[in-house]
């Protein structure tokens, strides 16, 4: 009788668990490729920040060209909505170039190899990648 009651209590407790506890593990827990994590990034280049062509022309005008690209393994990890990959050395951007970029509160421009990145300051999430601006 006691074993039966104990089993009933365990069954009732399991049924009372919230569904979220029994859901799939989070994406960062080794769930590679199964589910994508959508990150809300509220910066859109189409809204008038800067285009790749304009950023490239600005780099040419200010002499900020000739940078070396990142290794392919690191470069493929630079994607909108993902955190900054570890091991990327921050390259100092020429002052004249940085001053002419559009500014947005809570975001910062960074150089990674030949790419120009817009990064959310607090979370270090990549908001936008402008490829080959500094080639």
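Residue numbers (the working numbering): 1089 to 1223.
All C-beta atoms, glycine included, are put in the ideal place defined by N, C-alpha and C.
Quick check: the Cα distance between residue 1182 and residue 1151, rounded to an integer number of angstroms?
As a first step, residue 1182 is located in the chain shown; it is residue number 94 there, counting from the start. As a first step, residue 1151 is located in the chain shown; it is residue number 63 there, counting from the start. Those two C-alpha atoms are separated by around 9 Å.
When we look at the beta-carbon of residue 1148 and count the other beta-carbons within 10 Å, is it buried (16 or more) or exposed?
For this step, residue 1148 is matched to residue 60 along the chain shown. Its Cβ having fewer than 16 others within 10 Å, residue 1148 is exposed.
Please determine if the stretch 1204-1215 and the stretch 1168-1175 are in contact, where contact requires at least 3 C-beta pairs separated by less than 8 Å.
yes
Specify, as a first and last residue, the run of the beta strand (DSSP E) that residue 1140 falls within.
Position 52 of the chain shown, counted from the start, is the residue given in the question as residue 1140. Per DSSP, residue 1140 belongs to no beta strand (DSSP E); it is in the alpha helix (DSSP H), 1140-1150.
Confirm, please, whether the CB-CB distance from residue 1200 to residue 1158 is below 9 Å.
Here residue 1158 is taken as the residue at index 70 of the chain shown, counted from 1. Here residue 1200 is taken as the residue at index 112 of the chain shown, counted from 1. In this structure, residue 1200 lies closer than 9 Å to residue 1158 by Cβ.
So residue 1032 is in the beta strand (DSSP E); what residue range does that whole segment cover?
A query on residue 1032 cannot be resolved here, the shown segment of the chain reaching from 1089 to 1223 and no further.
What residues match up with residue 1218 in a beta bridge as DSSP calls it?
By one-based count along the chain shown, residue 1218 stands at place 130. BP columns for residue 1218 point to 1204.
C-beta atoms of residue 1206 and residue 1216 nearer than 9 Å:
For the purposes of this step, residue 1206 is identified with residue 118 of the chain shown, where counting begins at 1. For the purposes of this step, residue 1216 is identified with residue 128 of the chain shown, where counting begins at 1. Against a cut-off of 9 Å, the Cβ pair of residue 1216 and residue 1206 comes out as a contact.
Can you grab the Cα-Cα spacing for the pair residue 1185 / residue 1141, in whole Å?
As a working note, residue 1185 is residue 97 in the chain shown. As a working note, residue 1141 is residue 53 in the chain shown. The alpha-carbon atoms of residue 1185 and residue 1141 are separated by roughly 14 Å.
In the DSSP assignment, find the alpha helix (DSSP H) that holds residue 1187 and state where it starts and stops.
Numbered from its first residue, the chain shown carries residue 1187 at position 99. Looking at the DSSP string, the run of the alpha helix (DSSP H) that includes residue 1187 is 1183-1187.
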